[in-house]
Amino acid sequence: MRVLAVLVWAPLVLIVATILGAVGALASQLPIASLAEALASDETRFAVAMSLRSSLTALALALALGVPSAWLLARRRFPGKPVVETILDLPMVTPPLVAGIGLLFLLGREAPVGGALSAMGLELLFSPAGVILAQTYIATSVIVRSARAAFGAVDPGFAANAATLGIPPFWAFLLVEVPMAGRALLAAAVLGWARALGEFGATLMVAGATRMQTETLPMAVFLNIASGRTDIAIACALILLALAFALLLAIRLLTAERDDSLREDADVRFAA
Amino acid sequence: MIGAAFRGRLGSFDLDAAFEVPGQGITALFGPSGCGKTTVLRAIAGLMRLPEGTLRVNGETWQEGRRFVPPHRRAVGYVFQEASLFPHLSVMGNLTFGMRRHRGSSPIGLDEVVDLLGIGRLFDRHPTQLSGGERQRVAIGRALLSQPQLLLMDEPLSALDRFSKDDILPYLERLHAALSIPVLYVSHDIAEVERLADTLVLMEAGRVRAAGPIADLLADPALPLIHMPQPAAVIDGEVVSTDPRYGLSEIAVPGGRLVVSGDLGPPGMRRRLRIPANDVSLGRHAPLDTTILNALPARIEGAEPTPDHQVTVRLALGADGKGAALLARISRKSWDRLDLKPGELVVARLKAVALAEPAPPLSTRVTPAARTATS
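These protein sequence lines map, in sequence, to chains A and B. Under my numbering, read the first sequence as residues 43 to 314, first letter to last. Under my numbering, read the second sequence as residues 21 to 395, first letter to last.
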């Protein structure tokens with residue numbers, strides 16, 4: 043019994059200690075005064091604004107693209123579906139750098155797609171729009187996957203039921219399926235947002251690392267570590283950590299409440 | 021008039037079902053599990069599209085050739101086997117959900133439905149806080165409030181226990197009496213069908229074996245219903261008078277009058293009676309000394325032998341043999357000893373005549389004692 047306890051507890055303690063150690067080392071690197079100064083610097087403030095603006099826009103785009111796709115994948119069968127699903131998962135498992143290079147070549151001025159967009163006056167590469175593109179690309183993949191599971195958990199009978207009550211399919215989707223998948227969809231959105239906030243590799247390739255222009259929080263960490271401004275790098279890293287913690291906590295609460303409701307049901311059953 | 025014809029292959033199952041039933045009253049789609057009843061019902065709702073299908077409901081064509089009206093444009097109400105109330109809405113939210121669609125000039129009102137189904141006190145509850153019977157009543161109310169021209173019910177009682185079933189059946193009967201919407205009712209329980217249905221569509225292995233008035237089909241020698249272990253006849257009648265002294269009611273049925281115990285309501289009230297074949301015996305003469313109250317002339321239409329040395333005799337009430345169909349199950353020996361033959365006049369003695377439906381609720385029932393006291 044004692045051996046087992048050591049065997050299971052020791053790895054857990056080790057993992058938690060390592061994570062806390064890394065976070066603690068990061069936080070204790072700077073005296074409070076210089077940390078406050080770095081947090082208040084123009085560059086940090088720019089990076090925060092840039093990250094929030096681009097990641098929220100990317101989230102909106104990823105939801106608009108991902109939720110309908112997820113519904114389609116959860117509800118319809120079509121030829122080649124397994125291949126389509128595999129393709130959709132690809133951005134999640136390939137290194138973002140690889141995704142970024144692909145996008146770069148696809149959208150370069152010499153490439154047909156990039157050329158056409160450029161002719162329309164749309165310059166995606168090496169601009170804030172490129173940041174949004176890279177983040178959307180990564181977030182969509184996450185959202186499609188989680189939202190698909192969310193819709194999959196809703197019995198399609200409910201939509202059929204709404205149809206027999208005279209509700210057209212689009213309204214049945216909005217009034218029945220989305221609210222029923224609600225909590226899980228919200229968790230999917232938070233997860234997608236977290237991925238967009240932390241996106242680095244694809245952004246680097248598509249938007250470049252230009253100070254005060256395409257400088258998101260991860261980009262600020264990278265640029266300032268490279269150029270020796272450790273204080274700003276640390277400030278931005280700590281902001282990212284705080285955001286990540288808040289978002290993870292949000293996801294946990296969103297899904298934990300469901301566990302509670304399950305337990306309540308079980309209690310009721312026992313009482314009955 | 022509801023005319024349906026569907027044909028198609030579903031996996032390894034061949035469906036080829038066609039029937040025409042009246043556009044009023046309750047029509048039961050009856051048959052063993054897996055015979056295609058639910059598939060037909062889903063096709064009627066438009067939830068399933070069979071490649072070959074024709075469907076007309078009271079003059080409207082919902083499917084024919086390439087024409088296919090999508091489910092949300094068909095004025096149907098659908099009550100599913102398991103009450104599928106929306107879990108994210110309260111009872112009230114569920115009830116009003118289908119009210120967005122308003123068609124026709126005489127909509128069914130919320131108050132009326134709530135009254136009819138007795139769901140007034142459940143408004144603020146959540147579907148998880150309802151009993152099975154309550155959930156199903158709310159689901160029926162929701163279907164009605166979508167103002168259907170046709171109500172489809174897919175074994176609405178099958179997921180309920182005995183207690184909840186008895187709780188909900190009277191409400192279904194009240195619906196039947198109060199609303200003029202035709203109902204298609206899928207069931208594999210003959211007791212439910214005998215109690216509720218006016219018309220019966222008998223299905224077997226994806227095909228319609230027969231369709232017609234329930235009383236006719238129950239007594240049809242070519243169909244399996246008469247060969248069941250406990251066959252019965254159902255007869256619709258009208259209350260003529262009540263006798264509070266003995267607690268009896270006289271019911272006029274086609275071809276005669278029957279005495280039934282209990283106060284069955286004011287004269288003119290429609291009542292359905294169920295007469296098990298095992299409770300009917302036959303004689304050549306009216307009985308002189310007997311405790312049996314009901315002895316009616318009837319004409320023998322035919323007789324079907326059973327495997328266990330009995331005979332199921334088909335009768336028509338009345339000396340002219342033009343009244344309601346009745347069944348009597350007697351022993352082979354009695355049949356031979358009395359030398360009975362089709363076409364002959366006999367006296368049917370009914371040991372038990374039961375209402376196919378339960379007595380009305382206690383509050384509206386006038387007990388013999390109460391009557392005596394007030395008169």
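Idealized CB from N, CA, C, for every residue including glycine.
Annotation: the continuous beta strand (DSSP E) that includes Asp36/B extends over Phe33 to Val41. Going by DSSP, Met112/B is part of the alpha helix (DSSP H) stretching over Val111 to Phe117.
Contact annotation: in the segment 63-80 of chain B, residues whose CB is within less than 9 Å of a CB in chain A are Ala65, Gly66 and Leu67. Excluding its 5 nearest sequence neighbours in each direction, Pro42/B has C-beta neighbours in its own chain below 8 Å: Met21, Ile22, Pro202, Asp218 and Thr219, listed in chain order. Contact of Ala192/A with chain B by beta-carbon distance below 7 Å is absent, the smallest such distance being about 13 Å.
Here Tyr266/B is exposed, its C-beta having fewer than 16 other C-beta atoms within 10 Å. Ile174/A: member of the alpha helix (DSSP H) spanning Pro170 to Gly194, first to last residue.
Note that the segment 58-68 of chain B touches the segment 195-212 of chain A; at least 3 beta-carbon pairs, one per stretch, sit closer than 8 Å. Contacts between Gly199/A and chain B, judged by CB atoms closer than 8 Å, involve Phe100 and Ser104 in chain order. With a threshold of 16 other beta carbon atoms within 10 Å, Thr60/A falls short and is exposed.
If the five residues before and after Ala336/B are omitted, its C-beta is found closer than 8 Å to the C-beta atoms of Gly275, Ala318, Arg319, Glu321, Lys342, Gly343, Ala344, Ala345 and Leu346, all from its own chain and listed in chain order. With a threshold of 16 other beta carbon atoms within 10 Å, Gln156/B meets it and is buried. In this structure the segment 100-107 of chain B does not touch the segment 128-141 of chain B; the number of beta carbon pairs closer than 8 Å is below three.
Residue pairing by DSSP places Thr99/A opposite no residue, since no beta bridge is assigned to it. Our two residues, Pro264/B and Val280/B, have alpha carbons roughly 12 Å apart in a direct line. For Val232/A, the enclosing alpha helix (DSSP H) begins and ends at Gly224 to Gly240. In the pairwise beta carbon analysis, the segment 184-203 of chain A is classified as not touching the segment 80-88 of chain B: fewer than three pairs are separated by under 8 Å. Sequence-distant partners of Val155/A (beyond 5 residues in either direction) whose C-beta falls short of 7 Å from its own C-beta, in its chain, are Leu148 and Leu149. Under DSSP, Gln83/B forms a beta bridge with Leu75/B and Phe88/B. Per DSSP, Met247/A is one residue of the alpha helix (DSSP H) stretching across Gly243 to Ala249. Note that the C-beta distance between Glu154/B and Ile246/B is not below 8 Å. Here Arg93/B is exposed: its Cβ has fewer than 16 other Cβ atoms, across all protein chains shown, within 10 Å. Using a Cβ-Cβ cut-off of 8 Å, Ala275/A does not count as an interface residue toward chain B, since no Cβ of chain B sits closer than that to its own. With 16 or more other CB atoms across the displayed protein chains lying within 10 angstroms of its CB, Ile271/B is buried.
The closest CA to that of Leu222/B, considering only Val373/B, Gly28/B, Gly45/B and Leu237/B, is found on Leu237/B. By the CB criterion at 8 Å, Phe242/A and Phe264/A fall inside the cutoff. Residues Ser301, Leu302, Gln330, Val331 and Val333 of the same chain have their beta carbon placed closer than 7 Å to that of Ile350/B, with the five preceding and five following residues left out of the count. Looking at Pro91/B, Ile234/B, Val366/B and Asp256/B, the one whose alpha-carbon comes closest to that of Met289/B is Asp256/B. Annotation: Met248/B is outside any beta strand (DSSP E) and is labelled neither H nor E by DSSP. For the C-beta of Val218/A, the chain B residues within less than 7 Å are, from N- to C-terminus, Phe106. Using a Cβ-Cβ cut-off of 7 Å, Val279/B is close to nothing in chain A; its nearest Cβ partner there is about 45 Å away. Secondary structure of Met92/A (DSSP, three-state): helix. With at least 16 other beta carbons inside 10 angstroms of its own, Ser207/B counts as buried.
Only residues of its own chain outside the window of five on either side were considered, and among them Val90 and Leu259 have a CB closer than 7 Å to the CB of Ile281/A, listed in chain order.
By the neighbour-count criterion, in which 16 or more other beta carbons inside 10 Å mark a residue as buried, Arg215/B falls on the buried side.
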